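Just so we're aligned, residue 25 is where the sequence shown starts under the numbering used here, counting upward by one.
Just so it is clear, CB atoms sit at the ideal spot from N, CA and C, and this is done for glycine as well.
Every value quoted in this text rests on a predicted model; they were computed, and no experiment measured them.
Data first, discussion second: the structure below is written as structure tokens.
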Amino acid sequence: LVSLYGDREETLASDFVQLMTVHAAKGLEFDTVFISDMNEGIFPNERAVNESHRGVEEERRLAYVAFTRARNKLYLTEAGGFSMILQRVRSTSRFIEEIDAEYIEHLGSSMHAGNTQKEVRLSERLFDNSPSSFTQQMSKAKPSGLKKGDKVIHAKFGEGLVISIKNEIAEIAFPYPFGVKKVAAGHPSIKKKTDLRS
């Protein structure tokens, strides 16, 4: 729990920000509330999702507590792009999806695309720190014939789905924990599923 307080007498007469956990906020009310990281695996947290229905219900009760702290305005934020913590592309929390659309105003963010690109570049660097790695991949690659929607098998990541392809660079969604990877489409480590039958 972190609370940002100045001198108590001074802050009572002026606006100030308080940062706190949902548990610490029980019983309190505020004119405006911001709840960040409303992503699957964070709120509800990964452990609760994997545990059981009961775990998710407890997280749902916490979400209700958090939402009802707001008297006037409630802002729910989520992040896009690849999550290094979750090791997959972030998705919107089910608790946002469950809110009736008539109560939601989507504000969007011009930062979203930039954050996504930054996360993808970061995940590529973690995958292989060698600066010449991508050039080496491309030199081994042959024209692939892959297209969006093709199912593939990767030697390391297993079965995946091609979600985009441009200039022989395939963006492929693999199951947890690998997430979305950018790979040279004709690299020898990738086989189209139909090619395996022949």
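Bounding residues of the alpha helix (DSSP H) (the contiguous stretch that carries residue i)
i: residue 95; result: Per DSSP, residue 95 belongs to no alpha helix (DSSP H); it is in the beta strand (DSSP E), 94-100.
i: residue 79; result: 77-91
i: residue 41; result: Where residue 41 is concerned, there is no enclosing alpha helix (DSSP H), given that its DSSP letter is neither H nor E.
Supposed contact pair residue j and residue i - C-beta distance, whole angstroms, cut 8 angstroms
i: residue 87; j: residue 67; result: 7 angstroms
i: residue 200; j: residue 112; result: 5 angstroms
i: residue 175; j: residue 217; result: 4 angstroms
i: residue 170; j: residue 189; result: 6 angstroms
i: residue 46; j: residue 73; result: In fact, because the Cβ distance is near 17 angstroms, the residues do not count as touching under 8 angstroms.
i: residue 94; j: residue 54; result: 6 angstroms
i: residue 119; j: residue 84; result: 7 angstroms
Assigned exposure category for residue i - 16 Cβ within 10 Å defines buried
i: residue 52; result: exposed
i: residue 154; result: Residue placement at residue 154 is poorly supported in this model, since its pLDDT is 44, which falls under 50; the coordinates still yield a value, given next. Looking at its Cβ environment, which holds fewer than 16 other Cβ atoms inside 10 Å, residue 154 is exposed.
i: residue 107; result: buried
i: residue 58; result: exposed
i: residue 203; result: buried
i: residue 183; result: exposed
Residue i Cβ short of 7 angstroms to the ligand ADP heavy atom set
i: residue 99; result: For the structure depicted, the ligand ADP is absent and the ligand set is empty, with no information on it obtainable.
DSSP beta-bridge partners of residue i
i: residue 107; result: 112
i: residue 24; result: Nothing about residue 24 can be read from this structure; the chain reaches only from 25 to 222.
i: residue 65; result: 69
i: residue 188; result: 195
i: residue 56; result: 97
For residue i, the first and last residue of its enclosing beta strand (DSSP E)
i: residue 195; result: 193-198
i: residue 207; result: 203-208
Are three or more beta carbon pairs between the segment 206-219 and the segment 184-198 nearer than 8 angstroms? yes
Do three or more CB pairs link the segment 54-64 to the segment 98-114 at distances below 8 angstroms? yes
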